[in-house]
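Numbering that gives the first Met the number 0 numbers the first residue of the sequence shown as 0 and each following residue consecutively.
Reading through the structure tokens given below for one structure.
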Amino acid sequence: MRKKIYLGIWLILAVGLLAGCGSRAEENTAEGEDAAGGQIVQNTRSTPEMDKENEENRKPETEENEKAEADMSEQVILNPEDLNEPEIGGQEVTDAIPERHAVNKLQIVFLGDSILDGYRNETGIAHLTGEYCDADVYNLAMGGTTAALPTSEKAEYEEWTSRSLQGVVHAICGNVDPSIMDGHIAREIFDICDFSETDYFVLEYGMNDFLSSMPLNNEESVYDPYSYVGALRIAVKNLREYYPDAQIVLCSPNYAHFWASDGTYLGDGNMSSNGIANLVEYHRVCGNVSADLNTLFLNAYDGIGLDAYTADEYLEDGVHLSAKGREEYAKKLSQIILECEATRNN
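What follows is the structure in structure tokens.
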């Protein structure tokens, strides 16, 4: 009987000793190497402060994801007949054909659509930017044009007829005949501009790419001239090859409201789709191209004070900017250029 008691006590002590050794083994291998000599990572517990910080960091991302999901759930596919650019009524052209000034003065060349072309007066974006930056401005924008090449057009230089962004860039680089601009004031300005003196090329496209249902991109070819992304890439690549000293500013399409011909509200750039994507997606991929190619970038979608709450003040027909919208656009663009100039001069 006594032997059995001693044996039980001995077993209890042995189990306790083994448990203690196991705890010490865990403590000894909590950092550094494990028992087999491999590197292990110490397990740590988060503090309440860390939890709060992580939650704050996750909050913007969560809100953005929820907003994107909400936008998709409310998506409205527009009918082709509703994908029309509103006409700009009776804008008087008062901007004179520019003349070359002092050698030290900045030269800014604008390429774009009616956002730039529709207002060739003292309220226009190009004119105002020239004033804010004290620059010579050459506005080659042509209303109704896209960045992407329409599928009905050929991409060969010898057969080129398109006035798209790529067409104007190819003409600037001497690869296609500038006669593609004949009949437009852009041709007169083109003929007097010395592009080798250009400090900034401003490229503003995307609204008509959306309205024309141009593909966003081609996953098999990032330089597809028939896609919006491919067109932007081609334009930047060519301008840098021929004018390496010039800076390039990519401007995304601006936020917009869309209306049917009978006045029915169809939705905004976040929820209205052309069957390929929403307008906001054209803005986002423009920003992606800018970041990837390291250009300057103007977020005209929600970076100039324009949104659903200010649309009545910033837009005159749902698509084109009002005088207030153009002024804010020019101020933001000028800020980007002048900040770049300050960096370059230092």
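From the three backbone atoms N, C-alpha and C, an ideal C-beta is built for every residue, glycine too.
| query | result |
| --- | --- |
| Cα-Cα separation, Arg57 to Ala147 | Its pLDDT being 43, under 50, Arg57 is placed unreliably in this model, and the value from its coordinates should be taken loosely. One C-alpha to the other measures close to 37 Å. |
| Distance between Ser251 and Ile336 (C-alpha atoms, nearest Å) | 16 Å |
| Beta-carbon proximity of Phe200 to Ala245, cut-off 9 Å | yes |
| DSSP state of Leu139 mapped onto helix, strand, coil | coil |
| Pick from Gly229, Met213, Glu130 that is closest to Glu219, judged by C-alpha positions | Gly229 |
| Ile199 - DSSP class collapsed to helix/strand/coil | Note that residue 199 corresponds to Tyr in the displayed sequence, not to Ile. Looking at Tyr199 - three-state DSSP - the assignment turns out to be strand. |
| Extent of the continuous alpha helix (DSSP H) to which Ile184 belongs | 184–191 |
| Rounded separation between Ser161 and Lys104 - CA only | 32 Å |
| Terminal residues of the alpha helix (DSSP H) in which Tyr313 lies | 310–313 |
| Alpha-carbon to alpha-carbon, Ile124 and Tyr328 | 7 Å |
| Contiguous alpha helix (DSSP H) assignments of at least 4 residues, all confined to the stretch 193–272 | 206–210, 227–241 |
| Nearest candidate by alpha-carbon position, reference Ile188, set Val168, Asn138, Asp198, Asn207 | Asn138 |
| Pairwise C-alpha distance: His256 and Ile233 | 30 Å |
| Cβ neighbour criterion (16 or more within 10 Å) applied to Arg343 | exposed |
| Contact set for Asp291: own chain, Cβ-Cβ below 7 Å, skip 5 residues either direction | none |
| Whether Leu238 touches Val168 by CB criterion (9 Å) | yes |
| Whole-Å CB distance - Asn277 paired with Glu84, under 8 Å assumed | Not confirmed; about 17 Å, so no contact. |
| Euclidean distance between Cα positions of Pro149 and Tyr156 | 15 Å |
| CA nearest to the CA of Asp301, picked from Gly205, Ser212, Asn253 | Asn253 |
| Contact under 9 Å by Cβ, Thr128 with Ile107 | yes |
| Contacting residues, own chain, Cβ-Cβ under 7 Å from Asp223 (five flanking each side not counted) | Asn217, Gly229 |
| DSSP state of Asn345 mapped onto helix, strand, coil | coil |
| Nearest residue (CA-CA) to Leu231, options Tyr242, Tyr241, Val248 | Val248 |
| Integer Cβ distance of Ser226 from Pro214, believed to fall under 8 Å | 4 Å |
| Cβ-based burial, Thr145 [other Cβ within 10 Å; buried from 16] | buried |
| Buried or exposed by the 16-neighbour rule on C-beta atoms within 10 Å, applied to Gln334 | exposed |
| DSSP three-state assignment for Arg325, whether helix, strand or coil | helix |
| Three-state class that DSSP yields for Val167 in the structure shown | helix |
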